[in-house]
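Please read the structure below before turning to the comments.
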Amino acid sequence: TGPLKDMDFSVQEGGGPRILHQFKLEPPAVSFRTSGEKAGIIDIEPRTGILYINGSLDWETQQVHKLQVESLDESGKTVKGPYTVTINVEDINDNPPEFNQTKYYGVVRQNSRPGKPFMYVHATDRDNPATLHAQLSYSILHHFPNPYDEMLFQIDNATGAISPSRTGSYYLDPQKQDTFILVVSVKDMAGTTTNAFTSSVDVIITVKESLWKAPPIIYIKENSTQVHPVNISKVQSNEPGVIYGIFEKENLPRLPFSISENGDIYVTQPLDREERDNYTFFVVSKDNTGELVDKPLQIQVIVEDINDNPPVCQQDLTVIEVQENEKGGSNIGTVFATDMDKKDTLNSRLHFQIQSQEPEFPSNNLFYIQQDTGTLQLAGRSLSKRDSAKYFLKVLVADPQFETICNVEVHVIDINDEIPIFKNSDYGSVTLAEDIPIGSVILEIEATDGDEPATGSSLIIYQVKEGDPNNTFSIETDSETNRGFIRINKALDFETVPVYNLVINATNPEPLVEGVEYNSSSLTKLKVSVTNVDEPPAFRKPVYKTEVSEDIPVNTLVMTVEAYDPEGDSVRVLKDMQGKYVQYLACGKILFLQKSYLLSLLLFSVEDNAAQKSKVFLILHLSDVNDNYPQIATDYPIFFCYPVSGGERTLIQATDADEQFFYSKFTFSLADEMNARNNWEISKFNATHAYLSLKHGNFEEKVYDVPIILNDNGKPPLENKVNLKVSICKCSSENSCF
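Positions in the sequence shown are counted from 1; adding 17 to them yields this note's numbering.
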């Protein structure tokens, strides 16, 4: 209740009759009157002033009702007012959503991009759009058929956009299933409550073949005379408005292809098959953000051959050698030619034909060529060098359109029908000192050959056939004179072989013709006598080496050196062999006297009865043993600046005089004495260093002895206790003790 004035009310729609307010009468007013948008159900009781609704309001019909209320006196004149009463109707969720179609039809292409909408469904709700009552959420209830675990389609719950899922983009195929039915549901209340209104509709989707397909292999004839660019194919994306592009499979200087904005593919210039016979590139489609719309398509172009290349002789001049005794019909050689047109096609098929022969023989042709292979044969009879030593042929090589002349020169060569004959069947004997230098020429020998000079039939090769099993001698041939020079190939030794009885043969590198064989005329003899030279003694080895441990006991035998005299004389050890490291015993034995350096190099000398001396090096390698205890490196003082607070640390280093093999890993620890472990702490840093730390700050200004145990972990391990001097001192500005 209250006095008459302007008032606003909020009333939920529906709900039936209700009282909104009671206005109080103020004299001289005796009644109330109302007018305005009463909708036939809003009124005021004149005498009591009760404002009421006799029915249900509907937000969907009218959202606001405006009334004028005034008070009247007995005569019906207005006392107060009119005042405005505004009734705002509040919406309730009393309307289900409705689709704008009873059934939807859509088309999707195979391999369409996942998440790219191909159709929409749309529903409306008559409730207040500013409330959840009219906020709609879409979903797919059913999917017929559904051959996979995952749905092939998806829907945007806010917009109703239907698109292929990732599974659908991959599996949709009109050959397997061309129609799908989706049951799409829409809920109001944004789909967040269980009592929301729901509607559903069928969506029939037809799957069609993808427009985005690679064209079949494109064939382009080479050296086209058309005006370029020339359209050779076309591609089309499943989506409109895409941007097409080309990229290469290989890095070419310039790709002779392009693509237009509507997907037409062009070749931009004439192609040459001999330069490149095929091209492979990719066509892509992108949206305006640069995102790939479809998978790249591989485009393959084959360049077709035309006959645009003449035959080419493989050699400017083909030279063929033929022996005099070659029989008619024999293959004597091949004329080679090539054609750069496509292999195994008529464009590159070659025919060979002899066009001319010089000198000519009126009676018959001497040569025949196989037309498809270029193989040259003797036509009838053997050639005779007396008729002509050379023949010049012009061979016509032709493909279906072009011709080329290849030049051929046939050389008639002498047959090897003569054997080498020595001028002397016995060269007697030569006497050589056993110390003659290797490489020395000891004799010149000579044989003759009646075949054509400067050919393999007349060149003579000399070899020792008998009497030299160790190849002590070698024979070189002077190819211009056919003379042989016997040389010393290995050192002579009177004591081993005092006499050589050599049998030497002479042969040709070219095989002898049938019926001709080498005989005794191609053999000669030579006796070589070796004279003795008094040689110095020799050692069995060029160098003697041995290795001993450095802790080897004194007077231990370390090696035996053997020497001998080639003439059988006795061998003596020179007195200067004796030294402070080793001593010579009888029979070449070496005695170890005392420790020396890691590597000892000694000179061992002997002499024979003729006072000829020889020397050899003895190398004695001393290997290390783990015989040195580890120590703390004292290159710099260890100190901490006073006062200390605890936790300060410094780096200490362990060293060992042994080889690194024995001290690669040190172990650091504190000795358990004088409360060392209560005051100090040691921790490993690496194989050779450790941190020494203060455990507290209660140290006086003085020098402390820190007992540290070091272990070198060698074989055997050696352990050493070291008292490390550590100063706690006042430090200068340079951070060192005063």
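Don't be surprised by glycine CBs; every beta carbon is placed ideally from N, CA and C.
For clarity, every value in this text was computed on a predicted model and none was experimentally measured.
- Ranked by how close their Cα comes to the Cα of D582, the residues D551, I70 and L574 have D551 in first place.
- In the three-state reduction of the DSSP assignment, M168 falls in the coil class, being assigned neither a helical nor a strand state.
- Here D675 is buried: its Cβ has 16 or more other Cβ atoms, across all protein chains shown, within 10 Å.
- DSSP places A674 in the coil class of the three-state scheme, outside both helix and strand.
- Annotated three-state conformation of L228 is coil, per DSSP.
- Just so you know, the alpha carbons of I503 and K344 end up roughly 41 Å apart.
- Counting only runs of at least 3 residues, the segment 471-499 fully encloses the following beta strand (DSSP E) elements, listed from N- to C-terminal order: 478-483 and 490-495.
- Shortest Cα-Cα distance from F657 to any of S399, N715 and D416 involves N715.
- Per DSSP, the beta bridge partners of P181 are F170.
- Secondary structure of A140 (DSSP, three-state): strand.
- Closest option to A178, judged by alpha-carbon separation, among H160, W76 and P134: P134.
- Y188 is bridged by DSSP to nothing; it lacks a bridge partner.
- Counting along the chain, no beta strand (DSSP E) covers N695; the unbroken alpha helix (DSSP H) around it starts and ends at A693 to N696.
- P470 places its beta carbon 8 Å or farther from that of T524.
- With a 10 Å radius around the Cβ and a threshold of 16 neighbouring Cβ atoms, F378 comes out exposed.
- For E698, the CB contacts under 7 Å within the same chain, skipping 5 residues up- and downstream, are S710 and K712 in chain order.
- The beta carbons of V138 and Y121 sit closer together than 8 Å.
- Counting along the chain, the unbroken beta strand (DSSP E) around C423 starts and ends at E420 to I430.
- Each of N696, P20 and P313 was checked against the Cα of E665, and the nearest Cα belongs to N696.
- For Y659 against K747, the beta-carbon gap comes to about 5 Å, under 8 Å, which counts as contact.
- Cβ contact annotation for I386 (same chain, cutoff 8 Å, sequence separation greater than five): V352, F369, Q370, I371, T392, L393, Q394 and V412, in chain order.
- Listed in chain order, the beta strand (DSSP E) runs fully inside the segment 63-87 are 67-70, counting runs of at least 3 residues.
- Spanning the alpha carbons of S365 and N295 requires a straight line of approximately 18 Å.
- In this structure, the CA atom of L741 is about 18 Å from the CA atom of L735.
- Between I649 and R694, the alpha-carbon positions lie close to 19 Å from each other.
- Counting along the chain, Y517 sits inside the beta strand (DSSP E) bounded by residues V516 to T524.
- For E107, the enclosing beta strand (DSSP E) begins and ends at T95 to E107.
- Counting C-beta atoms within 10 angstroms of its own C-beta, E167 has fewer than 16 neighbours from the protein chains shown and is therefore classed as exposed.
- A distance below 8 Å separates the beta carbons of E77 and R143.
- Taken through DSSP and simplified to helix, strand or coil, S539 comes out as helix.
- The straight-line gap separating the alpha-carbon atoms of T210 and L84 is approximately 37 Å.
- When DSSP states are grouped into helix, strand and coil, G19 belongs to the strand group.
- Here N71 is not near P114, since their CB atoms are 8 Å or more apart.
- Per DSSP, reduced to three states, the secondary structure at G208 is helical.
- Note that the segment 222-231 touches the segment 310-318; at least 3 beta-carbon pairs, one per stretch, sit closer than 8 Å.
- For the beta strand (DSSP E) assignment, the uninterrupted runs of no fewer than 3 residues enclosed by the segment 278-311 are, from N- to C-terminal side, 281-284 and 295-303.
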